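Residue numbers (the numbering used here), protein chains in the order written: chain A, 1 to 327; chain B, 328 to 566; chain C, 567 to 854.
Cβ coordinates follow ideal geometry from the N, Cα and C atoms, glycine included.
The structure displayed is predicted, hence computed values, not measured ones.
The structure appears below as structure tokens.
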Amino acid sequence: MTGRAAALGWLAGLLALAVLPFLVKNPFLVHVVILVYMWTVLGAAWNVLGGFAGQVSFGHAALFGIGAYTTIILFLKAGVAPWWGILWGGLAAAVGSVPVGLICFRLRGPYFSLATLAVAELAKLVALNWEWLTNGPVGFLITTLPPLTILGHAVNWEAKAPFYFLAALLLLVALASTAWLSRSRLGAFLVAIRENEDAAEAVGIDTVRAKVLTLALSAFLAGLGGGFYAFYFRYVDPDAVLNIGLSMEMVFIAMVGGLGTVGGPFIGAVFLTTIGEVVRERFQVGHLIFYGLFMMIVIRFLPEGIWGRARIAWARVRAGAHRHGAA
Amino acid sequence: MALLECEDLTRLFGGLRAVGNLSFRVDDGEIVGLIGPNGAGKTTVFNLITGFVRPSGGAIRLDGRDIAGLKPHAVARRGVARTFQIVKPFPGLSARENVTLGAFLRHRTRRDAESAASDVLEKVGLAHRAGVRAGELNLMDQKRLEMAKALATSPRVLLLDEPMGGLNPSEVDAASDIVESIRKAGVTVVLVEHVMKAIMRISDRVVVMHHGEKIAEGAPSSVVQDPAVVAAYFGPRGR
Amino acid sequence: METFVQSLVSGLLTGSLYAMIGIGLTVVFGVMRIINLAHGEMVMLGMFAAYFSQKLWGIDPFASVLVWAPVMFLFGMALYRTLLRKIVAGGELNTLLYTAGLSLLIANLALFAWTGDYRTIILPYGLTPMRPFGIAVPAALALGFGLAVAITGALWAFLNRTNLGRAIRATSQNREAAVLMGIDVERVAVVTFGLGTALAGAAGVLLAPSLYLYPTVGELLVVKSFVIVVLGGLGSVPGAIAGGLLLGVVESLGAVYVSATYKDGLGYVLFLLVLLYRPAGLFGVGKS
Chain A
1 MTGRAAALGW LAGLLALAVL PFLVKNPFLV HVVILVYMWT VLGAAWNVLG
51 GFAGQVSFGH AALFGIGAYT TIILFLKAGV APWWGILWGG LAAAVGSVPV
101 GLICFRLRGP YFSLATLAVA ELAKLVALNW EWLTNGPVGF LITTLPPLTI
151 LGHAVNWEAK APFYFLAALL LLVALASTAW LSRSRLGAFL VAIRENEDAA
201 EAVGIDTVRA KVLTLALSAF LAGLGGGFYA FYFRYVDPDA VLNIGLSMEM
251 VFIAMVGGLG TVGGPFIGAV FLTTIGEVVR ERFQVGHLIF YGLFMMIVIR
301 FLPEGIWGRA RIAWARVRAG AHRHGAA
Chain B
328 MALLECEDLT RLFGGLRAVG NLSFRVDDGE IVGLIGPNGA GKTTVFNLIT
378 GFVRPSGGAI RLDGRDIAGL KPHAVARRGV ARTFQIVKPF PGLSARENVT
428 LGAFLRHRTR RDAESAASDV LEKVGLAHRA GVRAGELNLM DQKRLEMAKA
478 LATSPRVLLL DEPMGGLNPS EVDAASDIVE SIRKAGVTVV LVEHVMKAIM
528 RISDRVVVMH HGEKIAEGAP SSVVQDPAVV AAYFGPRGR
Chain C
567 METFVQSLVS GLLTGSLYAM IGIGLTVVFG VMRIINLAHG EMVMLGMFAA
617 YFSQKLWGID PFASVLVWAP VMFLFGMALY RTLLRKIVAG GELNTLLYTA
667 GLSLLIANLA LFAWTGDYRT IILPYGLTPM RPFGIAVPAA LALGFGLAVA
717 ITGALWAFLN RTNLGRAIRA TSQNREAAVL MGIDVERVAV VTFGLGTALA
767 GAAGVLLAPS LYLYPTVGEL LVVKSFVIVV LGGLGSVPGA IAGGLLLGVV
817 ESLGAVYVSA TYKDGLGYVL FLLVLLYRPA GLFGVGKS
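Below is the structure:
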């Protein structure tokens with residue numbers, strides 16, 4: 001996309017983002033949009049590690065869970081307001097990811113993926129059993145949220161709007177970080193590592209450091225998503241925030257949307273949330289059936305993801321137009 | 328003081344002694360050829376120097392400072408670059424992007440790195456194919472790219488692992504020209520090669536390995552007549 | 567002491583069935599370099615096959631393995647031919663993610679069809695433990711062990727004595743060389759996948775009388791099967807046997823001496839340690 005067109009696109013998107021809650025009054029629809037934003041953040045988080053760095057993690061739910069637990073525990077036990085708690089959740093996940101990364105990144109390819117699986121299952125076991133920290137299987141519940149006034153208005157936590165704007169803010173953070181990564185030196189290093197890790201080392205790229213930094217960013221975003229979840233849904237327990245289905249959903253969003261793209265996770269999140277809601281309407285259960293099915297279909301027929309394929313098609317159209325237009 | 332030196336370098340793989348008590352030095356500005364029959368341990372020496380494999384014993388020094396055991400990226404940072412016998416490009420990226428990645432080691436911004444990369448591409452003769460995907464280049468150009476990637480890191484020493492493998496005689500000459508121009512630009516070269524024509528033409532000195540040990544060292548013309556070297560290549564009965 | 571021997575034996579018996587699951591996974595990896603995340607679901611299908619054939623037709627689960635193993639073999643071959651073959655060409659990452667999707671699909675279809683209720687198989691003779699050498703051994707587990715040994719023995723004979731078996735081993739060791747030797751590696755791949763699926767399904771049938779059955783049990787089992795396979799070395803059949811037995815024993819002893827709740831965790835920790843320090847497996851026979 002040309003610079004001008006892209007900038008206009010972003011501006012239009014921002015505008016739509018800002019006015020949506022004033023235009024859409026149906027609280028259920030706003031709720032769905034909030035979910036889309038949250039899942040975009042989570043998909044972007046996975047995409048940073050899986051799409052850009054090519055390291056497939058099946059344990060991202062652990063990072064989400066750290067964010068969720070940190071936020072809710074800080075609020076319920078230390079009175080830290082959840083909107084700050086979310087930030088702490090992201091940081092906790094990022095910090096927690098470093099030792100995990102240092103251990104797991106010694107492994108390559110499928111070995112790495114299996115290790116993340118083991119780490120995530122261990123995290124769930126810890127959450128279930130360290131009751132002094134996590135309340136075990138009972139989990140935590142937020143009953144009342146602290147009062148907050150912005151610009152003279154008291155925030156109504158029962159309405160969707162405040163959560164909408166918070167989710168939108170997190171969405172922008174996620175998209176901005178991914179956009180930055182794709183243009184930065186670190187992003188270039190990640191591409192090199194993905195293409196040929198030995199060659200990357202041979203030209204002086206510290207592959208472990210690059211991967212650890214990327215994981216930290218990925219963890220930060222996942223932690224933010226987890227913190228938001230805790231704040232919005234007000235309930236956290238091991239099954240809700242540390243189950244492997246969550247990890248798979250994050251993979252799914254990034255894959256369906258388009259690995260290594262900035263816009264992909266958003267498309268993936270829209271897809272996933274729409275299917276999820278439709279299936280829940282019709283069939284009550286079994287939305288994961290469709291996730292699995294669509295993941296298979298996308299990998300078979302659209303390995304670049306929906307957004308990825310759209311970009312390729314768009315590039316072809318422009319190349320064709322150039323050839324014809326130049327004549 | 329030697330620019331690069333190995334002292335008593337040893338590497339064991341289980342019971343196999345791939346490299347044993349190997350000592351040699353490379354002085355600034357030289358082109359040193361490293362030859363020997365297949366399985367002599369030449370690539371292992373390169374892997375040891377560049378940190379892809381840890382030594383079981385001995386020392387490796389660059390400018391007098393110990394570099395043995397450092398990770399490959401750290402060795403590259405100190406100024407030792409290498410090419411691989413079977414080229415390892417970044418296949419999905421263009422030649423220019425490949426070389427730019429190497430340039431990032433010494434240049435912070437993309438613009439500087441890209442401009443340095445352009446210079447290197449010129450030097451190796453790939454400027455006209457800079458936009459082509461690395462995976463689609465022909466063999467000779469892939470070899471050029473392999474050298475370019477390494478050169479982009481502005482090394483003091485360049486280790487070339489069989490750069491002429493698979494090239495026809497005129498391509499061998501072209502590659503030899505490139506190596507000589509690299510030396511002229513101030514980079515010291517260690518060259519593992521089987522193509523004797525190239526070794527004889529461009530090396531100042533030759534080190535011969537067999538079964539992981541050094542068996543001869545000296546000027547190219549004298550080394551190829553050394554009976555131990557002949558025996559190593561052709562067997563104890565000689566010619 | 568008696569508790570120790572009791573748990574040891576119990577662990578070995580369960581371990582033998584774990585070993586079968588592991589063998590199924592490891593042969594598929596060895597020949598096709600596929601990490602099949604849907605492997606756990608194959609075991610689950612075997613479990614439910616045994617359950618339903620007993621519930622609906624009164625067939626004893628251990629007898630039913632004679633029927634279900636071949637069925638799973640054919641199912642595995644069909645699965646490979648129709649779904650997986652084209653994906654494998656796309657690379658390891660794609661295959662990994664594809665099998666993850668397949669796993670989700672199968673597990674949740676099962677959940678939809680059969681609900682998440684826990685089920686058990688009650689065997690009339692299962693209640694009386696056998697007492698060889700004074701050690702109480704549940705009959706179901708002992709029978710399962712016996713059949714597992716028989717099946718593994720048959721597999722060993724197949725891999726070592728028949729041409730097709732040798733072709734499989736050859737392809738597993740060096741695919742290119744196998745092609746050059748005139749081995750039809752595609753056929754080997756199809757058969758191997760069928761074999762892996764059959765082993766998983768048979769293990770499920772044999773395990774069914776000893777475990778709680780529920781459609782998402784695959785999730786737990788697939789992690790266990792990877793632990794086994796990594797312990798023993800990816801691609802090594804003897805390694806998978808050793809790994810399976812080891813895991814069975816570690817879990818059993820761990821439940822008694824360390825903690826019942828953390829017994830799964832022990833497996834994961836062991837797994838991570840092996841991945842880090844001996845990725846070729848405890849016996850160093852696997853491929854990296």
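Look at the alpha carbon of residue i and the alpha carbon of residue j, and state the distance between them as a whole number of angstroms.
i: residue 809(C); j: residue 360(B); result: 48 Å
i: residue 745(C); j: residue 759(C); result: 18 Å
i: residue 502(B); j: residue 519(B); result: 13 Å
i: residue 328(B); j: residue 543(B); result: 22 Å
i: residue 847(C); j: residue 836(C); result: 11 Å
i: residue 620(C); j: residue 780(C); result: 16 Å
i: residue 843(C); j: residue 804(C); result: 20 Å
i: residue 531(B); j: residue 560(B); result: 21 Å
i: residue 476(B); j: residue 449(B); result: 12 Å
i: residue 772(C); j: residue 823(C); result: 27 Å
i: residue 62(A); j: residue 218(A); result: 12 Å
i: residue 43(A); j: residue 624(C); result: 48 Å
i: residue 279(A); j: residue 288(A); result: 9 Å
i: residue 576(C); j: residue 569(C); result: 10 Å
i: residue 597(C); j: residue 736(C); result: 9 Å
i: residue 755(C); j: residue 410(B); result: 36 Å
i: residue 664(C); j: residue 249(A); result: 13 Å
Any beta-carbon of chain C closer than 9 Å to the one on residue i?
i: residue 264(A); result: no
i: residue 312(A); result: no
i: residue 327(A); result: Caution is warranted here: a pLDDT of 44 is assigned to residue 327(A), below 50, making its placement in the model unreliable, and the coordinate value is therefore given only provisionally. Answer no: the Cβ-Cβ gap between residue 327(A) and chain C never drops below 9 Å.
i: residue 56(A); result: yes
Give every residue of the same chain whose Cβ lies closer than 7 Å to the Cβ of residue i, excluding the five residues on either side of it in the sequence, and list them in chain order.
i: residue 524(B); result: 499
i: residue 208(A); result: 105
i: residue 854(C); result: Confidence at residue 854(C) is low in this model, with a pLDDT of 46, below 50, so its placement is unreliable and the value that follows should be read with caution. Closer than 7 Å at the Cβ level, and outside the excluded window around residue 854(C), lie 845, 846.
Excluding sequence positions up to five away, which residues of its chain have a Cβ less than 6 Å from the Cβ of residue i?
i: residue 344(B); result: 539
i: residue 19(A); result: none
i: residue 367(B); result: 536, 537
i: residue 75(A); result: 82, 85
i: residue 470(B); result: 490
In chain order, what residues of the same chain lie with their CB nearer than 8 Å to the CB of residue i, ignoring the 5 residues before and after it?
i: residue 335(B); result: 348, 349, 350, 384, 385, 386
i: residue 273(A); result: 32, 35, 36, 39
i: residue 764(C); result: 590, 635, 636, 638, 639, 642
i: residue 547(B); result: 360, 526, 527, 530, 532, 533
Write down the C-beta distance between residue i and residue j rounded to the nearest angstrom, noting that I regard them as a contact closer than 8 Å.
i: residue 814(C); j: residue 832(C); result: So it is not a contact: roughly 12 Å between Cβ atoms.
i: residue 687(C); j: residue 627(C); result: 6 Å
i: residue 163(A); j: residue 72(A); result: Their Cβ separation, rounded to whole angstroms, is 15 Å, which puts residue 163(A) and residue 72(A) out of contact at 8 Å.
i: residue 255(A); j: residue 668(C); result: At roughly 14 Å, the Cβ-Cβ gap does not stay under 8 Å, so residue 255(A) and residue 668(C) are not in contact.
i: residue 517(B); j: residue 479(B); result: Not a contact, Cβ separation roughly 18 Å.
i: residue 188(A); j: residue 431(B); result: 7 Å
i: residue 787(C); j: residue 587(C); result: 7 Å
Taking CB distances under 9 Å as the criterion, tell me whether residue i reaches chain A.
i: residue 409(B); result: yes
i: residue 818(C); result: no
i: residue 672(C); result: yes
i: residue 669(C); result: yes
i: residue 515(B); result: no
Check whether the Cβ of residue i lies closer than 9 Å to any Cβ atom in chain B.
i: residue 206(A); result: yes
Under DSSP, the alpha helix (DSSP H) around residue i begins and ends at which residues?
i: residue 57(A); result: Where residue 57(A) is concerned, there is no enclosing alpha helix (DSSP H), given that its DSSP letter is neither H nor E.
i: residue 608(B); result: The shown model of chain B, from 328 to 566, leaves out residue 608(B), and the question about it has no answer.
How would you write the range of the beta strand (DSSP E) that residue i sits in, first residue to last?
i: residue 534(B); result: 532-537
i: residue 484(B); result: 484-488
i: residue 544(B); result: 540-545
i: residue 361(B); result: 358-362
i: residue 345(B); result: 343-353
i: residue 337(B); result: 331-340
i: residue 286(B); result: The structure shown does not extend to residue 286(B), since chain B spans only 328 to 566, so no value can be given for it.
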